[in-house]
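Here's the structure, in structure tokens; my notes come after.
2 protein chains.
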Amino acid sequence: MRDAFHEDLDRISDELVQMTGMVQQAMSRATTALLQADLSVAESVIAGDDDIDELRRSVDDSAVDLLARQQPVATDLRMVVTAMHMASDIERMGDLARHIAKAARRRYPENAVPEQLRPVLSEMERVAESLVVKTGQAIANKDVLAAADLQREDDKMDELHRRVFAILLDPSWQGGTAGAVDATLLSRYFERFGDHAVAVANRIVYLVTGSYGSVDEGVVTDPQAV
Amino acid sequence: MRDAFHEDLDRISDELVQMTGMVQQAMSRATTALLQADLSVAESVIAGDDDIDELRRSVDDSAVDLLARQQPVATDLRMVVTAMHMASDIERMGDLARHIAKAARRRYPENAVPEQLRPVLSEMERVAESLVVKTGQAIANKDVLAAADLQREDDKMDELHRRVFAILLDPSWQGGTAGAVDATLLSRYFERFGDHAVAVANRIVYLVTGSYGSVDEGVVTDPQAV
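Put into structure tokens, the structure is as follows:
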């Protein structure tokens with residue numbers, strides 16, 4: 001039987017996994033709203049972000065409560081602090097899904113994404129969902145190998161981000177300046193979503209191995225790299 | 001004379017203020033690199049970001065060490081946890097300065113910013129510096145009024161962000177699609193820099209008053225708002 005500290009920590013871990021589930025759904029629905037110009041889905045994602053924020057506050061409160069009651073030290077203390085950092089990253093992933101839903105709402109009844117970009121954004125959504133599902137699994141299982149896999153998965157997202165820039169800068173681009181501004185922001189939201197998943201993965205690696213992973217999140221904001 | 005806990009906490013607070021000083025310098029120099037196409041300044045900002053990251057790790061380590069040794073509860077505990085969250089926001093502000101320096105390096109020897117946008121980006125830099133200086137002061141003085149002032153200052157940044165979109169979407173825009181993509185990302189970096197300053201301010205408000213502030217960071221990623 002587990003002691004009180006680890007039971008409490010398991011509950012916090014469960015809440016983090018629950019957050020990843022909510023973020024997965026938000027990202028999936030936000031992209032549906034974006035690609036199908038569906039206003040009611042966009043509205044529900046935007047409104048639903050409050051629930052993710054609320055759960056994040058709950059994780060923070062539980063963590064502070066746990067620190068106060070159990071006064072953990074060493075690895076136990078690190079685990080509680082790391083849980084709070086993870087909650088922050090996952091909440092931010094929810095914010096990025098909300099940004100995408102807002103882009104859909106802003107352009108409604110028009111479709112915010114020109115035909116040329118729809119395949120690559122669909123693919124970004126697929127990678128984003130895979131990333132957040134794996135993030136949840138890596139948290140649940142404290143799985144270092146899954147965390148390393150997340151980094152590779154995020155490389156796909158970075159490649160797609162470069163592909164968006166290649167499309168925008170190609171002479172065949174039909175979306176004009178306004179379309180390019182929208183697409184740049186949307187692609188950046190997906191890329192940052194991936195960065196936060198990797199940041200969570202690196203925290204798991206740190207917890208298990210005791211050394212910091214590295215997130216080079218600047219590298220693919222480089223349109224020249226295409 | 002202060003007790004050991006508060007002496008340690010003061011040292012952490014000093015490190016946070018030191019981080020804001022480093023970020024201020026990074027942002028100032030990154031914008032110089034950007035507007036004057038100065039490669040060596042860009043390189044030094046990019047390399048210098050490691051020092052900010054290092055100081056952030058030092059804050060985290062000091063905070064964990066403090067928790068382990070002093071086992072604070074209630075408000076004392078909240079202050080230590082909040083310091084870690086602030087370090088995370090300030091480190092991210094440094095990352096955004098690095099992103100701006102990378103944009104300058106990418107376009108060198110060309111100037112990354114078309115003539116039409118130089119005044120508004122200069123103004124964004126001025127506001128960014130003011131924000132980070134005030135952030136440092138608000139941390140040093142645990143000053144709720146300064147924190148509220150930060151929110152107002154960030155409204156100017158949001159207004160400038162909208163002005164960038166207005167320039168990009170105006171028929172007189174001369175920078176083409178590639179220039180619009182660059183400008184969208186640069187403006188977004190400045191806007192996010194302001195958001196993180198406001199996030200720190202809200203944490204100070206929370207510490208002093210016990211209730212959460214609100215950061216609506218999505219609101220001005222809206223090109224339609226222009």
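Protein chains in written order, with full-length UniProt numbering: chain A, 1 to 226; chain B, 1 to 226.
Backbone N, C-alpha and C define an ideal beta-carbon position, used for all residues, glycine too.
Mind pulling the chain B residues with CB within less than 9 Å of A:SER88?
Listed along chain B are HIS85 and SER88, each with a C-beta nearer than 9 Å to that of A:SER88.
How long is the line joining the alpha carbons of B:VAL41 and B:HIS99, rounded to whole angstroms?
Distance between B:VAL41 and B:HIS99, taken at the CA atoms: about 13 Å.
For B:HIS196 versus B:ASP50, is the C-beta distance shorter than 8 Å?
No, these two residues do not count as a Cβ contact at 8 Å.
Per-residue burial, A:ASP158 [other beta carbons within 10 Å of its own, 16 or more giving buried]:
Counting the other Cβ atoms within 10 Å of the Cβ of A:ASP158 gives 16 or more, which makes it buried.
Does the distance between the C-beta of A:GLN174 and the nearest non-hydrogen atom of the ligand GTP fall short of 7 Å?
The model depicted lacks the ligand GTP and carries no ligand whatsoever.
Name the chain B residues that come within less than 7 Å of A:THR177, Cβ to Cβ?
In chain order: LEU168, LEU169, TRP173, THR177 and ALA180.
Does A:ASP8 come out as helix, strand or coil in the three-state DSSP assignment?
Reduced to three states, the DSSP call for A:ASP8 is helix.
The stretch 66-77 of chain B: positions lying closer than 9 Å to chain A by Cβ:
If the cut-off is 9 Å between Cβ atoms, the stretch 66-77 of chain B has LEU67, ALA68, ARG69, GLN71, PRO72, VAL73, ALA74 and LEU77 near chain A.
Do you know how far the Cα of B:ILE46 is from the Cα of B:GLN71?
Straight-line spacing of the CA atoms in B:GLN71 and B:ILE46 works out to 38 Å.
Quick one: what does DSSP say A:ASN141 is sitting in, helix, strand or coil?
Assignment of A:ASN141 by DSSP, reduced to helix, strand and coil, places it in the helix class.
Using Cβ-Cβ distances below 8 Å, what residues of the stretch 146-169 of chain B are close to chain A?
So the close ones are PHE165, LEU168 and LEU169.
Compare the C-beta of A:ALA201 against all C-beta atoms of chain B and say whether one is closer than 8 Å.
At least 8 Å separates the CB of A:ALA201 from every CB of chain B.
When you compare the CB of B:ARG188 with every CB in chain A, is at least one pair closer than 8 Å?
Taking Cβ atoms only, chain A reaches closer than 8 Å to B:ARG188, which makes this a yes.
Give the straight-line distance between the Cα atoms of B:HIS161 and B:PRO114, rounded to the nearest whole angstrom.
Straight-line Cα distance between these residues: approximately 16 Å.
How about A:ALA201 and A:LEU150: do their beta carbons lie closer than 8 Å?
Cβ distance < 8 Å, so A:ALA201 and A:LEU150 count as in contact.
CA-to-CA distance, B:LEU67 to A:VAL73, given in whole angstroms:
Rounded to whole angstroms, A:VAL73 to B:LEU67 spans 8 Å at the Cα level.
Assuming A:GLY48 is part of the alpha helix (DSSP H), what are its boundary residues?
For A:GLY48, the enclosing alpha helix (DSSP H) stretches over residues 39-70.
Which residues in chain B have a C-beta closer than 7 Å to the C-beta of A:THR184? List them in chain order.
What A:THR184 touches in chain B: VAL181, THR184 and LEU185.
Ignore the nearest five residues each way along the sequence and tell me which others in A:ALA63's own chain have a CB closer than 7 Å to its CB.
Within the same chain, Cβ atoms closer than 7 Å to the Cβ of A:ALA63 are found at ILE12, VAL80, ALA83 and MET84, the five residues on either side in sequence being excluded.
Distance between B:LEU168 and A:ALA101 (C-alpha atoms, nearest Å)
The alpha-carbon atoms of A:ALA101 and B:LEU168 are separated by roughly 23 Å.
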